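Asker: Residue numbers (this note's numbering): 75 to 505.
All C-beta atoms in this analysis are idealised placements derived from N, C-alpha and C, irrespective of residue type, glycine included.
Given the structure is predicted, the values throughout are model-derived calculations rather than measurements.
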Amino acid sequence: MSRFGSRALWRWDDEDESDVDDLLIIAGLLEGSKRNKRKKKFRGSLPGRHNVPRDILGGHQRIYLDYFADQCVYNEKHFRRRFRMYKSLFLRIVAAIEAHDDYFRQKPDAVGSLGASALQKVIAAFRMLAYGIPADFLDDSVRLGESTIIECLKRFVKAVVEVFGEEYLRAPNAQDISRLLAINNARGFPGMLGSIDCMHWKWEMCPTAWRGAYVGHKDGPTMILEAVASQDLWIWHAFFGLPGSLNDINVLRRSPLFQSLTSGTAPQVEYMVNGNKYTMGYYLADGIYPAWATFVKAFQSPQGNKKVHFTAVQEAARKDVERAFGVLQKRFAMVRGPARFWSKEDLWYIMQACVILHNMIVEDERDEEEDFNYHQEPHGIPVLRPADYERRDPLVLEEFLKIHDKIEDRSTHERLRDDLVEHLWAIDSSS
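#1: Compare the C-alpha of phenylalanine 332 against each of Arg410, Ala260, Pro246 and name the closest.
#2: How would you label isoleucine 309, buried or exposed, when you count the other beta carbons within 10 angstroms and need 16 or more for buried?
#3: Look at the alpha carbon of methionine 354 and the alpha carbon of threonine 368, and state the distance between them as a whole number of angstroms.
#4: Between the Cα of lysine 195 and the Cα atoms of Arg414, Phe230, Leu255, which residue gives the shortest distance?
#5: Would you call the CB atoms of histidine 274 and lysine 292 closer than 8 Å?
#6: How many Å lie between phenylalanine 446 and alanine 184 at the Cα?
#7: Rounded to whole angstroms, what is the Cα-Cα separation between asparagine 433 and lysine 380?
#8: Considering only C-alpha positions, which residue in the set Tyr148, Phe313, Gly268, Thr336 is nearest to valine 325?
#9: Could you pull out every residue in the same chain whose Cβ sits closer than 7 Å to the Cβ of aspartate 306, ignoring the five residues on either side in sequence?
#10: Would you decide whether histidine 152 is buried or exposed? Buried here means 16 or more other CB atoms lie within 10 Å of its CB.
#11: In three-state terms, what does DSSP make of glutamate 482?
#12: Given a cut-off of 8 Å on the beta-carbon distance, is the pair glutamine 180 and glycine 186 in contact?
#13: Within the region 317 to 398, note down every full alpha helix (DSSP H) run reaching 4 residues or more, in order along the chain.
#14: Relative to the C-alpha of aspartate 210, which candidate in Ala204, Ser221, Phe200 has its C-alpha closest?
#15: Under 8 Å between the Cβ atoms of alanine 303 and alanine 391?
#16: In its own chain, which residues sit with a C-beta less than 6 Å from the C-beta of threonine 385, not counting the 5 before and 5 after it?
#17: Identify which residue in Phe415, Ile424, Cys428 has its Cα closest to the Cα of arginine 405.
#18: Excluding the 5 residues preceding and the 5 following alanine 170 in the sequence, name in chain order all residues of the same chain whose CB lies nearer than 6 Å to its CB.
#19: What are the start and end residues of the alpha helix (DSSP H) that includes serine 269?
#20: If I'm right that methionine 159 touches proline 264 with Cβ under 8 Å, what's the distance once you round it to whole angstroms?
#21: Measuring CA to CA, which of Ala413, Ser417, Thr486, Ser269 is closest to tyrosine 352?
#22: Under 7 Å Cβ to Cβ from leucine 131, same chain only, skipping five residues before and after it: list those, please.
#23: Taking the continuous alpha helix (DSSP H) assigned at leucine 431, which residues delimit it?
#24: By DSSP's criteria, lysine 472 is part of a beta bridge. Which residues make up the other side?
#25: Are aspartate 204 and phenylalanine 164 close, meaning C-beta to C-beta below 8 Å?
#26: What does a CB cutoff of less than 8 Å around isoleucine 481 pick up in its chain, not counting 5 residues either side in sequence?
#27: Would you report the Cα separation of aspartate 502 and aspartate 394, rounded to the nearest angstrom?
#28: Among Ser329, Glu241, Arg128, which residue has its Cα nearest to the Cα of aspartate 214?
#29: Note the first and the last residue of the continuous beta strand (DSSP E) segment covering methionine 202.
#30: Starting from leucine 131, follow the beta strand (DSSP E) in both directions and report where the run begins and ends.
#31: State the Cα-Cα distance for the pair valine 343 and tyrosine 356, rounded to the nearest angstrom.
#32: Assuming leucine 299 is part of the beta strand (DSSP E), what are its boundary residues?
#33: Count the other CB atoms within 10 Å of the CB of isoleucine 197; is the residue buried (16 or more) or exposed (fewer)?
#34: Isoleucine 309 bridges to which residues according to DSSP?
#35: Based on Cα-Cα distance, which residue from Ser191, Phe178, Asp175, Asn125 lies nearest to isoleucine 137?
#36: To the nearest angstrom, how far is it from the Cα of histidine 174 to the Cα of arginine 491?
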């Protein structure tokens, strides 16, 4: 026993215990700092990692000599085939992306060596979109590593949406609607704004926990793109990201397609069919869509020459959106094959960027021989302003409900379809 006696053991209080704990903590920190000093600091590449001398500047020089020099190896025809667009449009996109995102500018790295140029990074992203190939497949052509190419793709599609999305993913304005009405009136469909349908994109890397929500009538999990396209294949409306277990009606209920119309901010439309006046444009749709005033569907079992003729013409014109889907997938094989990214955000940017690039190509190569009269006189139809419906005034809500009822009016749908039957039959009879 200690010379202090047994009573000294009972004089051990909480303050003494706290002091001992502090001393132990300090001793542990000192020992840890000694071990860190003895440990060799990490410098350079990971142990066992092979450094690939890619000759990045040489890669840029070869790309320039192949496609962009005055006496280039491959002519404009080769460029159009491999990059899906003409060189002038491609250079415009590269310049805009480089000015928007500093990542695409050629800069020196940590050791002072120049990195990849904007051409190398954009071409790497374009090749992945156009051919749907793995990033590693492009290493020997653009002289960039796999991880760098994937980063180029993600930054490129995001920059395309941010730079060009407002212009090339816009809803039709007054001038666009006048142009669409003039073109479709010449085709026998006055008041038509385009064709609507949905496309599925298979999601190969869908997480297992989400597969039940994304598996529908297609093989495997998919994501849906709802689109409206015109005859020249311009995609006026692109709503992407809903799970493949939904059908076209479920997607329509969540879609912002009629948002401007219900809010009263849509451009005014007025046209005559078979002597009757209508004030809402419509879209050609297949049989699954509801019988609304804004849709014109074919007859399931047409009886009589007039209805048979109308059904044939409607189904032919409705193929505009199917053709747009086919051209979009042909130009950008990435959205035709299975999606190999985990993030839904990355897939959304990829699809939106492909639609934007598709519209840019359509605009660049559009060739209209006819000079349509796009002018429309105002008809005094009251249009709500955004400030009106944002305040949620009771009168505005009442007007909103009236417009919504007009959109879903079945009687207007049937009357419009009957008028179009007579209109198309009259055109066919006079020809």
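Answerer: This is what the structure gives:
#1: Here the question's residue 332 lines up with position 258 in the sequence shown. It is Pro246.
#2: Position 235 of the sequence shown holds residue 309. By the 10 Å Cβ count, isoleucine 309 comes out buried.
#3: Counted from its first residue, the sequence shown places residue 354 at position 280. Counted from its first residue, the sequence shown places residue 368 at position 294. Straight-line Cα distance between these residues: approximately 7 Å.
#4: Position 121 of the sequence shown, counting from 1, holds the residue named residue 195. Cα-wise, what sits closest to lysine 195 is Phe230.
#5: For the purposes of this step, residue 274 is taken as residue 200 along the sequence shown, with counting starting at 1. For the purposes of this step, residue 292 is taken as residue 218 along the sequence shown, with counting starting at 1. Yes.
#6: Translated into positions along the sequence shown, residue 446 becomes position 372. Translated into positions along the sequence shown, residue 184 becomes position 110. Here phenylalanine 446 scores only 47 on pLDDT, less than 50, and its place in the model is too uncertain to base an answer on.
#7: As a working mapping, residue 433 is identified with position 359 in the sequence shown. As a working mapping, residue 380 is identified with position 306 in the sequence shown. Taking the straight line joining both Cα atoms gives about 36 Å.
#8: Numbered from its first residue, the sequence shown carries residue 325 at position 251. Closest option to valine 325, Cα to Cα, is Phe313.
#9: Position 232 of the sequence shown, counting from 1, holds the residue named residue 306. Within the same chain, aspartate 306 has close Cβ partners Val436, Arg440.
#10: Along the sequence shown, read from residue 1 onward, the residue named residue 152 stands at position 78. With fewer than 16 Cβ atoms within 10 Å of its Cβ, histidine 152 is classed as exposed.
#11: Here residue 482 refers to the residue found at position 408 when the sequence shown is read from its first residue. DSSP places glutamate 482 in coil when its eight states are reduced to three.
#12: Position 106 of the sequence shown, counted from the first residue, corresponds to residue 180. Position 112 of the sequence shown, counted from the first residue, corresponds to residue 186. Taking 8 Å as the Cβ cut-off, glutamine 180 and glycine 186 do not qualify as a contacting pair.
#13: 322 to 328, 333 to 337
#14: Numbered from 1 along the sequence shown, position 136 holds the residue referred to as residue 210. With distances taken between Cα atoms, aspartate 210 lies closest to Ser221.
#15: On the sequence shown, position 229 is the one that residue 303 refers to. On the sequence shown, position 317 is the one that residue 391 refers to. Going by C-beta atoms, alanine 303 is not nearer than 8 Å to alanine 391.
#16: As a working note, residue 385 is residue 311 in the sequence shown. Within the same chain, threonine 385 has close Cβ partners Ala372, Phe373, Pro376.
#17: One-based indexing of the sequence shown puts residue 405 at position 331. Per the Cα distances, Cys428.
#18: Taking the first residue of the sequence shown as 1, we reach residue 170 at position 96. Result list for alanine 170: Val237, in chain order.
#19: Along the sequence shown, one-based indexing puts residue 269 at 195. Not the alpha helix (DSSP H): serine 269 falls in the beta strand (DSSP E), residues 266 to 276.
#20: Against the sequence shown, residue 159 aligns to sequence position 85. Against the sequence shown, residue 264 aligns to sequence position 190. The pair is not a contact, with the Cβ atoms about 34 Å apart (cut-off 8 Å).
#21: Here residue 352 refers to the residue found at position 278 when the sequence shown is read from its first residue. The shortest C-alpha separation from tyrosine 352 is found at Thr486.
#22: Reading the sequence shown from its first residue, position 57 is the one you call residue 131. Correct list, in chain order: Leu188.
#23: Indexing the sequence shown from 1 puts residue 431 at position 357. Where leucine 431 is concerned, the enclosing alpha helix (DSSP H) stretches over 418 to 439.
#24: Within the sequence shown, the letter at position 398 stands for residue 472. In the sequence as displayed, the identity of residue 472 is glutamate instead of lysine. Answer is none; glutamate 472 lacks a bridge partner.
#25: Here residue 204 refers to the residue found at position 130 when the sequence shown is read from its first residue. Here residue 164 refers to the residue found at position 90 when the sequence shown is read from its first residue. Reading off the sequence, residue 204 comes out as alanine, not aspartate. No, the pair does not count as a contact, with Cβ atoms beyond the cut-off.
#26: The residue given as residue 481 occupies position 407 in the sequence shown. Closer than 8 Å at Cβ, skipping near neighbours: Phe332, Leu335, Thr336, Met354, Trp366, Ala367, Thr368.
#27: By one-based count along the sequence shown, residue 502 stands at place 428. By one-based count along the sequence shown, residue 394 stands at place 320. Those two C-alpha atoms are separated by around 21 Å.
#28: Along the sequence shown, one-based indexing puts residue 214 at 140. Among Ser329, Glu241, Arg128, the Cα nearest to that of aspartate 214 belongs to Arg128.
#29: In the sequence shown, the residue the question calls residue 202 occupies position 128. From DSSP, methionine 202 is part of no beta strand (DSSP E) but of the alpha helix (DSSP H) over 192 to 205.
#30: Position 57 of the sequence shown, counting from 1, holds the residue named residue 131. It is not in any beta strand (DSSP E) - leucine 131 instead sits in the alpha helix (DSSP H) that spans 130 to 137.
#31: Position 269 of the sequence shown, counted from the start, is the residue given in the question as residue 343. Position 282 of the sequence shown, counted from the start, is the residue given in the question as residue 356. Roughly 10 Å between the two C-alpha positions.
#32: If you number the sequence shown from 1, residue 299 lands on position 225. Leucine 299 -> beta strand (DSSP E) spans 296 to 303.
#33: The sequence position of residue 197 within the sequence shown is 123, counting from 1. Buried is the call here.
#34: Taking the sequence shown and counting its residues from 1, one reaches residue 309 at position 235. BP columns for isoleucine 309 point to Ala303.
#35: For this step, residue 137 is matched to residue 63 along the sequence shown. That would be Ser191, whose Cα lies nearest to the Cα of isoleucine 137.
#36: Taking the first residue of the sequence shown as position 1, residue 174 is located at position 100. Taking the first residue of the sequence shown as position 1, residue 491 is located at position 417. Spanning the two alpha carbons is a distance of roughly 48 Å.
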